[in-house]
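In what follows, a structure is listed as structure tokens, so that the remarks can point back to it.
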Amino acid sequence: LGAWVPLDEVPDVYEGVISIFRDYGYRRLRTRARLKFLVADWGVEKFRQILEDEYLERKLLDGPAPDQPVARWRDHV
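Just so you know, we're using this note's numbering here: the sequence shown kicks off at 1432 and counts up by one.
Here you go:
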């Protein structure tokens, strides 16, 4: 989406994204019942616009997340 979400806004944005899928998502065909198909059909710009206007009622911050410091341990095991 080309947006950066501060940590304190993550729950609101998450709720908005799942609400978009609840309200607009493809539910008839189980093989197409995925958010990725909705985003592919709408396009990223429309998805972000609906999220900002109808669900968040504010604009998202533009740009990628800031660089994170390199963690000492990157192994998941």
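C-beta atoms are modelled at their ideal positions from N, C-alpha and C, and glycine is treated no differently.
Quick one: using the 10 Å Cβ neighbour count with 16 as the cut-off for buried, is residue i buried or exposed?
i	result
residue 1449	exposed
If you drop the 5 nearest sequence neighbours on each side, which residues of the same chain put their C-beta closer than 6 Å to that of residue i?
i	result
residue 1466	1452
residue 1490	1483
Measure the alpha-carbon distance for residue i versus residue j and round it to whole angstroms.
i	j	result
residue 1445	residue 1438	11 Å
Inspect the beta-carbon positions of residue i and residue j and report whether they are closer than 8 Å.
i	j	result
residue 1487	residue 1443	yes
residue 1447	residue 1493	no
Which same chain residues end up closer than 7 Å to residue i when comparing Cβ atoms and leaving out the 5 residues on each side of it in sequence?
i	result
residue 1470	1478
Considering only residues of the same chain and omitting the five flanking positions on each side of residue i, which have a CB-CB separation below 8 Å?
i	result
residue 1457	1463, 1464, 1465, 1468 and 1469
Along the chain, which unbroken stretches of the beta strand (DSSP E) at least 3 residues long are found entirely within the stretch 1463-1501? none
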